[in-house]
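Notes for the one structure printed next.
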Amino acid sequence: MTSVFIMRLFRGGRSMRASWTRTYHSTLSPLTSVKAPFGTLLGTTDGGVHVYSSDYTTLDPAVRSNRTHFQSLLGDVTTGYKWQCVELGRRYLLVNHGVVFDNIAMAYDIFRLKCVTRVADGKLLPLHAHANGTSSTRPTKGSLLIWTPSGEFRQTGHVAVIVDVGLSYVDIVEQNVHDAVWPSQRSYSRRLPLHYDPNTNTYAISCTYADGNILGWMTVDFDNEYNYEDLHPFTASDLVRPSSTHPHEFRMPPSGAAALEHATNQLHHMMLDATDYMLQHSERFVGSTDVPERLWSPLRKSWFEQKPDDLVSQFEFTLTDDGLHWTGYSSNTLPDYVATSPDSTVEATLIQAWRAKAITTPLHLLKDCLAHEELARSTAHAAGLVCHSLSSLNDLVPAKGGGFLDPDGRPVRTLWHASPWATLLRHNHPALLCPSIRWIEPLWTTLSNSSAIAPLLRDLYPHHPMLQPAPPVAGVRLITWAVKGQFAAAAVRAKASTLPLHVITSPLHDQP
């Protein structure tokens with residue numbers, strides 16, 4: 006396994022910036038070609054785009070630990086981290102088409118994106134997803150090919166660029182896979198089989214790795230401007246209110262569930278954009294927000310190193326007759342999520358989320374909310390983690406070489422908490438900003454919860470329908486939860502309580 010740094014890009018006028026987070030990407034390969042040292046030119050493809058070796062094991066440890074060494078720039082545009090698969094995908098599109106895709110945490114997240122940004126004028130262009138094996142749309146030159154986070158590309162997924170399409174094959178270029186120099190006169194990394202089924206009029210691409218699973222391909226529509234036509238319709242009239250048969254829940258049609266899932270997932274990406282923007286332009290926000298000045302340096306470190314470590318976040322909406330309007334966001338909301346969701350669903354979702362975090366050290370859990378500490382502990386244990394409880398931050402003992410030990414002398418490397426960061430920071434405990442502790446939820450969520458985030462989101466996405474003010478009429482207050490960035494549950498906030506929002510499984514006219 007080698008370290009991978011995933012780049013997060015955001016839109017700020019015409020300039021594009023990025024930040025990175027460390028995760029892991031398997032680079033095992035069945036190919037017998039000799040790996041080239043990091044940074045070696047492997048070959049050249051369309052538009053003179055260079056493809057480089059990403060074998061980090063050949064680097065001096067001092068160089069490998071210097072994050073700034075790996076920033077990849079093309080003009081004033083940051084394309085990513087040298088030399089990752091995402092970096093090549095972004096650089097290829099930028100050089101050949103003048104566009105870049107938006108903010109993603111992992112390579113496989115690209116398959117959920119709906120548009121790319123034209124750097125010259127900031128216009129959004131549609132990005133269409135085609136599922137492998139079921140799409141009737143043939144892949145084209147310049148399409149992005151996306152893998153699932155499994156097998157050879159476990160945890161991160163993978164992205165490559167299709168540079169040629171034949172009757173029975175596609176040629177791709179990619180980075181951070183086999184890292185071998187291409188044969189002379191070749192302009193691609195790998196050739197993959199392309200299958201067409203005339204009976205179903207569908208296309209399928211096979212991976213040359215036995216355990217590689219391709220999600221599909223993404224194709225940019227250069228002829229049209231993106232106009233949010235992908236938003237699912239959902240209005241207050243779609244809700245079925247509590248009845249004598251279902252007195253303790255609201256219900257909605259499947260289209261409503263699709264709308265809430267899309268809104269939650271998209272807003273999570275946008276929230277990361279805004280958080281990244283605040284860190285890249287901190288001079289605009291230091292001293293003018295509710296975030297203490299002393300936190301900005303630790304916040305930046307948390308963002309670079311612990312970006313995927315948010316666990317449960319909450320989005321608030323007003324639902325009116327013209328659709329959803331976003332009204333608020335909170336991170337670290339496990340207690341609220343648990344209170345309004347079925348136990349079995351919560352447990353299964355949290356177990357999957359813990360596994361996805363690839364935690365390699367024992368997990369300490371702060372007993373700042375006993376009932377939910379037990380749920381977090383049981384699901385983490387079910388995910389295969391070694392767990393230890395910690396009664397209070399005051400029980401931590403400074404270690405001689407730095408960091409902290411628990412009362413039994415065990416190093417504390419990963420620490421979960423239920424309390425919001427605003428509450429924790431009042432304790433002013435040195436462990437809160439200790440660089441050797443991986444916090445779940447991470448410190449950077451302090452920015453996402455700041456008062457500056459809402460106006461900034463509307464500046465970055467001025468035309469997004471969900472960010473427009475709600476009409477001056479009474480609406481229904483909705484809450485959704487995202488676990489590890491993905492929609493997990495929804496509820497209606499009534500006057501005196503919060504009631505679950507469930508999908509109607511039978512026809513609407515059959516409902517009482």
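Residue numbers (our numbering): 6 to 517.
Ideal Cβ placement from N, Cα and C applies to all residues, glycine included.
Return the first residue and the last residue of the beta strand (DSSP E) that residue i is part of.
i, result
"proline 131", "129-136"
"leucine 46", "46-50"
"tryptophan 486", "481-488"
"threonine 503", "503-508"
"glycine 221", "219-225"
"aspartate 169", "163-170"
"arginine 492", "Correcting the residue type first, residue 492 is phenylalanine in the shown sequence and not arginine. Looking at the DSSP string, the run of the beta strand (DSSP E) that includes phenylalanine 492 is 491-498."
"valine 245", "First-last for valine 245: undefined, no H or E at that position."
"tyrosine 57", "54-57"
"glutamate 120", "The amino acid at residue 120 is misidentified as glutamate; the sequence shows cysteine. From DSSP, the beta strand (DSSP E) with cysteine 120 extends over 120-123."
"arginine 443", "443-445"
"histidine 469", "Element bounds for histidine 469: n/a, residue is neither H nor E."
"leucine 370", "368-371"
Pull up the distance between the alpha-carbon of residue i and that of residue j, whole angstroms please.
i, j, result
"proline 66", "serine 346", "46 Å"
"leucine 438", "leucine 199", "51 Å"
"leucine 410", "arginine 463", "43 Å"
"isoleucine 115", "histidine 133", "11 Å"
"leucine 300", "leucine 99", "35 Å"
"serine 59", "leucine 197", "21 Å"
"threonine 294", "aspartate 281", "15 Å"
"valine 175", "lysine 405", "56 Å"
"arginine 498", "tyrosine 214", "48 Å"
"alanine 436", "valine 402", "10 Å"
"isoleucine 364", "valine 170", "40 Å"
"glycine 44", "tyrosine 113", "24 Å"
"arginine 360", "proline 477", "44 Å"
"aspartate 126", "histidine 422", "43 Å"
"tryptophan 449", "glycine 490", "15 Å"
"glutamine 473", "leucine 465", "13 Å"
"leucine 420", "tyrosine 334", "23 Å"
"leucine 316", "valine 488", "5 Å"
"histidine 434", "glycine 389", "30 Å"
"histidine 468", "leucine 395", "46 Å"
"glycine 156", "lysine 119", "26 Å"
"threonine 224", "histidine 163", "16 Å"
"proline 42", "lysine 128", "39 Å"
"serine 349", "histidine 377", "15 Å"
"phenylalanine 227", "asparagine 137", "22 Å"
"phenylalanine 75", "proline 313", "19 Å"
"serine 140", "cysteine 212", "17 Å"
"threonine 122", "histidine 393", "46 Å"
Mind checking which residues open and close the alpha helix (DSSP H) that includes residue i?
i, result
"glutamate 266", "259-285"
"leucine 64", "Premise fails: leucine 64 is in no alpha helix (DSSP H) and is neither H nor E."
"proline 460", "458-465"
"serine 453", "450-453"
"leucine 430", "426-430"
For residue i, collect the residues of the same chain with a Cβ closer than 7 Å to its Cβ; drop the 5 residues on either side in sequence, then sort them by chain order.
i, result
"leucine 332", "According to the sequence displayed, residue 332 carries threonine and not leucine. Cβ neighbours of threonine 332 beyond the five flanking positions: Glu321, Phe322 and Thr323."
"glutamine 180", "Val56, Tyr57, Ser59, Trp88, Gln89, Cys90, Glu92 and Leu93"
"proline 470", "Tyr233, Leu236 and Gly328"
"phenylalanine 492", "Leu265, Glu266, Thr269, Asn270 and Thr485"
"isoleucine 177", "Leu150, Ala165, Val166, Ile167, Val168, Tyr193, Ser194, Arg195 and Leu197"
"glutamate 298", "Val291 and Gly292"
"serine 456", "Thr294 and Asp295"
"aspartate 341", "Gln319"
"histidine 432", "Leu398"
"alanine 241", "Leu324, Thr325, Asp326, Gly480 and Val481"
Could you pull out every residue in the same chain whose Cβ sits closer than 8 Å to the Cβ of residue i, ignoring the five residues on either side in sequence?
i, result
"arginine 246", "Phe255"
"serine 77", "Thr83, Thr84, Gly85, Tyr86, Lys87, Trp88, Glu92 and Arg96"
"leucine 79", "Arg96, Leu99 and Val100"
"leucine 483", "Leu265, Glu321, Phe322, Thr323, Leu324, Leu329, Ala495, Ala496, Val497, Arg498 and Leu506"
"glutamate 424", "Residue 424 is actually serine in this sequence, not glutamate. Taken in chain order, the residues that qualify are Asn337, Leu371, Asp373 and Cys374."
"valine 508", "Arg256, Met257, Pro258, Pro259, Gly261 and Ala262"
"threonine 145", "Ile167, Val170 and Thr224"
Looking only at its own chain, which residues have a Cβ that is under 6 Å from the Cβ of residue i, when we skip the five neighbours before and after it?
i, result
"proline 505", "Glu254, Thr345 and Ala496"
"glycine 48", "Val56 and Trp187"
"leucine 284", "Arg305 and Trp308"
Next item on the list: With a floor of 3 residues, list each beta strand (DSSP E) that falls wholly inside the segment 179-206, ordered by position along the chain.
Entry: Listed in chain order, they are 195-202.
Checklist line | Stretch pair the segment 416-434 + the segment 240-254: three plus CB contacts closer than 8 Å | finding: The segment 416-434, when compared against the segment 240-254, does not touch it at the 8 Å Cβ threshold.
Next item on the list: Within the segment 295-324, note down every full alpha helix (DSSP H) run reaching 4 residues or more, in order along the chain.
Entry: 301-311
Checklist line | Entirely enclosed beta strand (DSSP E) segments - the segment 66-104, minimum 3 residues | finding: 76-79 and 82-86
Check: Looking at C-beta atoms only, is the number of pairs between the segment 78-90 and the segment 283-299 that lie closer than 8 Å three or more?
Finding: no
Item checked: Touching by the beta-carbon criterion (3+ pairs, under 8 Å), the segment 408-422 and the segment 259-278 -> Look at the beta carbons and you see the segment 408-422 not touching the segment 259-278: under three pairs across the two are nearer than 8 Å.
Check: Is the number of C-beta pairs between the segment 144-153 and the segment 210-228 that are closer than 8 Å three or more?
Finding: yes
Check: Can you give, in chain order, each stretch of the alpha helix (DSSP H) that sits fully within the segment 333-366 and has at least 4 residues?
Finding: 339-344 and 348-361
Notebook entry, point to check: Three or more beta-carbon pairs under 8 Å between the segment 354-366 and the segment 376-395, yes or no?
Noted result: yes
Next item on the list: Could you tell me which uninterrupted beta strand (DSSP E) segments, each at least 3 residues in length, are contained entirely in the segment 387-423, listed from first to last along the chain?
Entry: 392-395 and 419-421
Notebook entry, point to check: Mind pulling the beta strand (DSSP E) runs of 3 or more residues that sit fully within the segment 136-161?
Noted result: 149-152
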